[in-house]
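Worksheet: one structure, shown below.
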Amino acid sequence: MLRTPSGGAGHGAAATDRLMSIGTVLNVLRDEFPEVTISKIRFLEAEGLIEPQRTPAGYRKFSAHDVERLGHVLRMQRDHYLPLKVIREHLDAMERGEAVQLPALGRQRDGESVPESPEAPTAARIGREELLAAAGVGEEELGEWESYGLVTPLEDGVYDAEAVTVASLIAELGRFGIEPRHLRVMKAAADREAGLVDQVVAPLKRHRNPQTRAHAEARAKELAGLTVRLHAALVQTALGVRLP
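Just add 37 to the spot in the sequence shown (first one is 1) and you have the numbering used here.
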């Protein structure tokens, strides 16, 4: 649950005082979503996911409801890899009081979509159109990213769910003038780090015991998390900055 700044009871001016600036909203959301940016919030507004109020000077002012809705949107993107259109329709139905079940992306098997089993979750797959919509980019941009190996489709033409995160981050960096060709060094570093992790867990993956193989997956996730944290710390140290 997102925690929003509290305000006193009342109407009129008191209600206005409880509205939040986009910077305050960013700080509230970053407790749960450390990668969210002001550009991302503006993009979600442009896509019709939220409708903040505007001051006479044109500044955005967000209500607690806006912040909760943003949290739902970011959570469904992160946990369920859903396209923005599907998320918008789902939230709108909820606000109309309709009993709706959260849609889930299915696995791809022999060209068919297979519903996910709650007891045995697998990596979600998304199609090209879903990836474009979720990341908010066009065909030309995605094609360029693929040419540099930053986003790669699977053999059957779909993408793993993490491609949404990768594409969204590339788009965010692009707004600062960082082009896909600049990101090849990051891709190369990521491939080397993944190779190191795979080298450590490879003996466990080859083991006959299913429990040992399952342990290999857990170990890989743990090592991946540690390498990501180390990479972030090294970048921050090199730049002399500290992220919130």
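A virtual CB, placed ideally from N, CA and C, is assigned to each residue, including glycine.
Everything numeric in this text was worked out from a predicted model, so none of it was measured.
Check: Residue range of the unbroken alpha helix (DSSP H) whose run includes VAL265; Outcome: 247–276
Check: Three-state secondary structure assigned by DSSP to ASP197; Outcome: strand
Check: Beta-carbon spacing of VAL65, VAL104 below 8 Å; Outcome: yes
Check: Cut-off 6 Å between Cβ atoms - residues of its own chain near GLU230, not counting five sequence neighbours on either side; Outcome: THR264
Check: Nearest-angstrom Cβ-Cβ length linking VAL234 and ALA261, presumed shorter than 8 Å; Outcome: 6 Å
Check: Nearest to LEU119 (by Cα), restricted to the options PRO217, ILE163, ALA204; Outcome: ILE163
Check: Cβ-based burial, ALA225 [other Cβ within 10 Å; buried from 16]; Outcome: exposed
Check: Inter-residue spacing [alpha-carbon to alpha-carbon] between ARG14 and SER184; Outcome: One cannot answer for residue 14 here, as it falls past the ends of the chain, which runs 38 to 281.
Check: Spatially closest choice to GLY85 from VAL188, PHE70, ARG106, VAL73, by CA coordinates; Outcome: ARG106
Check: Helix, strand or coil at PHE213 [DSSP, three-state]; Outcome: coil
Check: Opposing strand residues paired with LYS98 [DSSP bridges]; Outcome: GLN90
Check: Residues sharing a beta bridge with MET57, DSSP; Outcome: PHE99
Check: GLY95 classed as buried or exposed, judged by whether at least 16 other C-beta atoms fall within 10 angstroms; Outcome: exposed
Check: Residues of its chain near LYS122, where Cβ-Cβ distance is below 7 Å and the 5 sequence neighbours each way are ignored; Outcome: ALA170
Check: The alpha helix (DSSP H) enclosing VAL234, as first and last residue numbers; Outcome: 221–242
Check: Three-state class that DSSP yields for ARG112 in the structure shown; Outcome: helix
Check: Reference ALA101, options PRO190, ARG67, SER58, TRP182, closest by Cα; Outcome: SER58
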